[in-house]
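A.B. asks: Numbering (the numbering used here), first residue to last: 68 to 323.
Sharing a structure with you now.
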Amino acid sequence: MEDFSSRPGAALVAGGTGAIGAAIVRTLAERGSDVAFTYRANQEAARALTEEVEACGRRVSATGLDLTDEEATARAVRAAAEDFGGLHTLVYAAGPHVPMTHLSTVTPARYRAQLEADAVAFFNLVHPALPLLRESRGGVVAVTTVATRRYPVRDGLSSGAKGAVEAVARALAAEEGRYGVRVNCVAPGMLTDGIAGRLISTGELDGDALAVTRRNIPMRRFGRAQDIAEAVSFLASDRAGFITGQALGVDGGYSV
68 MEDFSSRPGA ALVAGGTGAI GAAIVRTLAE RGSDVAFTYR ANQEAARALT EEVEACGRRV
128 SATGLDLTDE EATARAVRAA AEDFGGLHTL VYAAGPHVPM THLSTVTPAR YRAQLEADAV
188 AFFNLVHPAL PLLRESRGGV VAVTTVATRR YPVRDGLSSG AKGAVEAVAR ALAAEEGRYG
248 VRVNCVAPGM LTDGIAGRLI STGELDGDAL AVTRRNIPMR RFGRAQDIAE AVSFLASDRA
308 GFITGQALGV DGGYSV
């Protein structure tokens, strides 16, 4: 598939060195897009991913960025557009690792910090990109969580912020559609990599919890980061040209 080979400009992926973000970067490059991506601190992973994209024959740039810095984020968006001659897609795949904890143990300051690190960061990213996406009649895809539809206990710190991202995405879809800009979300369920993978490796989700979770998934298995990347690539492509304001659950049926 060469969904993006005729698109001028590049895709900008925020959070490119995470398991999901890296899968998205690779998939967009394989489908014909040049890619700019941001990362928080993992320079080694950024270098390795850059080499992978270059091996696909696509142009790529990597920028270390704290998305809570409004001015730095706006500069990074503008620089990517200047370097690649525009932006056709913006993907938000960032967000800090979120421990599973009961909301009663979360202080208001901790919750405020989570909103800053996720919901505010998303708006910091998308706001300066809107004029560029209007110009290209491009699209935004935000990676959120299935927990906004079916709530797993102890996931409120994540689902609260991701719910705000989804609400803003719907609002942007309603407002920006007249300019040809589409805005959608992909809501992952339980994966073997990404944040879910870290929760498994740290033991925050023990064997009993994993067994219960698997029984609650109609497909009786967990997904992979590549499953999310495929959904993001589809929603960013012209094949999804009449889809906007939606949140696609990629969860093995957990949210049914």
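All C-beta atoms in this analysis are idealised placements derived from N, C-alpha and C, irrespective of residue type, glycine included.
These numbers come from a predicted model, not from an experiment.
Less than 7 angstroms between C-beta atoms, sequence neighbours within five positions excluded: which residues of the same chain meet that for Gly152?
C.D. replies: Locating residue 152 in the sequence shown gives position 85, counting from the first residue. Counting only Cβ-Cβ distances below 7 angstroms, and skipping sequence neighbours, we find Pro75, Gly76.
A.B. asks: Measure the C-alpha to C-alpha separation of Phe104 and His155 and round it to an integer number of angstroms.
C.D. replies: Residue 104 sits at position 37 when you count from the first residue of the sequence shown. Residue 155 sits at position 88 when you count from the first residue of the sequence shown. Taking the straight line from one Cα to the other gives about 13 angstroms.
A.B. asks: In three-state DSSP terms, what is Tyr321?
C.D. replies: Working through the sequence shown from its first residue, we reach residue 321 at position 254. Three-state result, Tyr321: coil.
A.B. asks: Taking the alpha carbon of Leu134 as the point to measure from, which residue in Thr280, Gly83, Gly274, Ala115 has its own alpha carbon closest?
C.D. replies: As a first step, residue 134 is located in the sequence shown; it is residue number 67 there, counting from the start. For the residues Thr280, Gly83, Gly274, Ala115, the minimum Cα distance to Leu134 belongs to Gly83.
A.B. asks: Which residues bound the beta strand (DSSP E) around Pro255?
C.D. replies: Indexing the sequence shown from 1 puts residue 255 at position 188. Counting along the chain, the beta strand (DSSP E) containing Pro255 begins and ends at 249-255.
A.B. asks: At which residue ranges does the stretch 220-244 contain complete alpha helix (DSSP H) runs of 4 or more residues, listed in the order of the chain?
C.D. replies: Fully enclosed alpha helix (DSSP H) runs of 4 or longer: 223-243.
A.B. asks: Please classify Val158: does DSSP put it in a helix, a strand, or coil?
C.D. replies: Counted from its first residue, the sequence shown places residue 158 at position 91. It is a strand residue.
A.B. asks: Taking 8 angstroms as the threshold (C-beta atoms), are Ala147 and Gln181 in contact?
C.D. replies: As a working note, residue 181 is residue 114 in the sequence shown. As a working note, residue 147 is residue 80 in the sequence shown. For Gln181 and Ala147, no; Cβs fall outside 8 angstroms.
A.B. asks: For Gly131, which of helix, strand or coil comes out of DSSP?
C.D. replies: By one-based count along the sequence shown, residue 131 stands at place 64. Gly131 falls in the strand class under three-state DSSP.
A.B. asks: Assuming the contact rule is C-beta atoms closer than 8 angstroms, Ala160 and Ala81 should be a hit. Round their C-beta distance to whole Å, please.
C.D. replies: Numbered from its first residue, the sequence shown carries residue 160 at position 93. Numbered from its first residue, the sequence shown carries residue 81 at position 14. Contact holds; Cβ gap of about 6 angstroms.
A.B. asks: Give me the Cα-Cα distance between Glu119 and Val220, rounded to the nearest whole angstrom.
C.D. replies: Sequence index remark: in the sequence shown, residue 119 carries index 52 (1-based). Sequence index remark: in the sequence shown, residue 220 carries index 153 (1-based). Computed Cα separation, rounded: 38 angstroms.
A.B. asks: Excluding sequence positions up to five away, which residues of its chain have a Cβ less than 6 angstroms from the Cβ of Leu200?
C.D. replies: Numbered from its first residue, the sequence shown carries residue 200 at position 133. Excluding residues within five positions, the ones whose Cβ falls inside 6 angstroms are Val248.
A.B. asks: Tell me where the beta strand (DSSP E) around Ala103 begins and ends.
C.D. replies: What you label residue 103 is simply residue 36 of the sequence shown in a count that begins at 1. Ala103 -> beta strand (DSSP E) spans 101-106.
A.B. asks: When you compare the stretch 297-310 with the stretch 89-108, are there three or more beta-carbon pairs, one atom per stretch, that lie closer than 8 angstroms?
C.D. replies: Touching, yes, given that three or more Cβ pairs across the two stretches are closer than 8 angstroms.
A.B. asks: Let's see if you can read the secondary structure: which residues bound the beta strand (DSSP E) around Ala77?
C.D. replies: One-based indexing of the sequence shown puts residue 77 at position 10. From DSSP, the beta strand (DSSP E) with Ala77 extends over 77-81.
A.B. asks: Tell me which residue opens and which closes the alpha helix (DSSP H) that Val208 is part of.
C.D. replies: As a position in the sequence shown, residue 208 is number 141, starting the count at 1. It is not in any alpha helix (DSSP H) - Val208 instead sits in the beta strand (DSSP E) that spans 206-210.
A.B. asks: Should Ala141 and Leu132 be called a contact, given that it needs their Cβ atoms to be closer than 8 angstroms?
C.D. replies: Stepping through the sequence shown from its first residue, residue 141 is reached at position 74. Stepping through the sequence shown from its first residue, residue 132 is reached at position 65. Not closer than 8 angstroms, so no.
A.B. asks: Tell me the residue span of the alpha helix (DSSP H) that contains Asn191.
C.D. replies: In the sequence shown, counting from the first residue as 1, residue 191 sits at position 124. Note, Asn191: alpha helix (DSSP H), 188-203.
A.B. asks: Under the three-state reduction of DSSP, which class applies to Gly270: helix, strand or coil?
C.D. replies: Along the sequence shown, read from residue 1 onward, the residue named residue 270 stands at position 203. It is coil, neither helix nor strand.
A.B. asks: Would you call the stretch 280-298 in contact with the stretch 188-199, where contact means no fewer than 3 C-beta pairs closer than 8 angstroms?
C.D. replies: Flag = no, the stretch 280-298 and the stretch 188-199 do not touch.
A.B. asks: Hey, out of Glu183, Cys252, Gly270, Ser72, whose CA is closest to Ile310's CA?
C.D. replies: Working through the sequence shown from its first residue, we reach residue 310 at position 243. Minimum Cα distance to Ile310 is reached at Cys252.
A.B. asks: Out of curiosity, what's the CA-to-CA distance linking Gly270 and Pro166?
C.D. replies: Here residue 270 is taken as the residue at index 203 of the sequence shown, counted from 1. Here residue 166 is taken as the residue at index 99 of the sequence shown, counted from 1. Each residue's alpha carbon lies about 11 angstroms from the other.
A.B. asks: Give me, in chain order, the residues of the same chain whose beta-carbon lies closer than 6 angstroms to that of Pro255; leave out the 5 immediate sequence neighbours on both sides.
C.D. replies: Translated into the one-based positions of the sequence shown, residue 255 becomes position 188. Hits under 6 angstroms: Ile295, Val317.
A.B. asks: Have a look at Val279, Met68, Thr211, Ala278 and flag the residue whose alpha-carbon is nearest the alpha-carbon of Ile87.
C.D. replies: Translated into positions along the sequence shown, residue 87 becomes position 20. Selected option, being the one with the closest Cα: Thr211.
A.B. asks: Between which residues of its own chain and Arg177 is the CB-CB distance below 8 angstroms, once the five residues before and five after are set aside?
C.D. replies: Mapped onto the sequence shown, residue 177 falls at position 110. For Arg177, where only same-chain residues beyond five positions count, the Cβ hits under 8 angstroms are Leu224.
A.B. asks: Are the C-beta of Val144 and some C-beta of chain D separated by less than 8 angstroms?
C.D. replies: No chain D appears in the structure shown, which is made up of a single protein chain.
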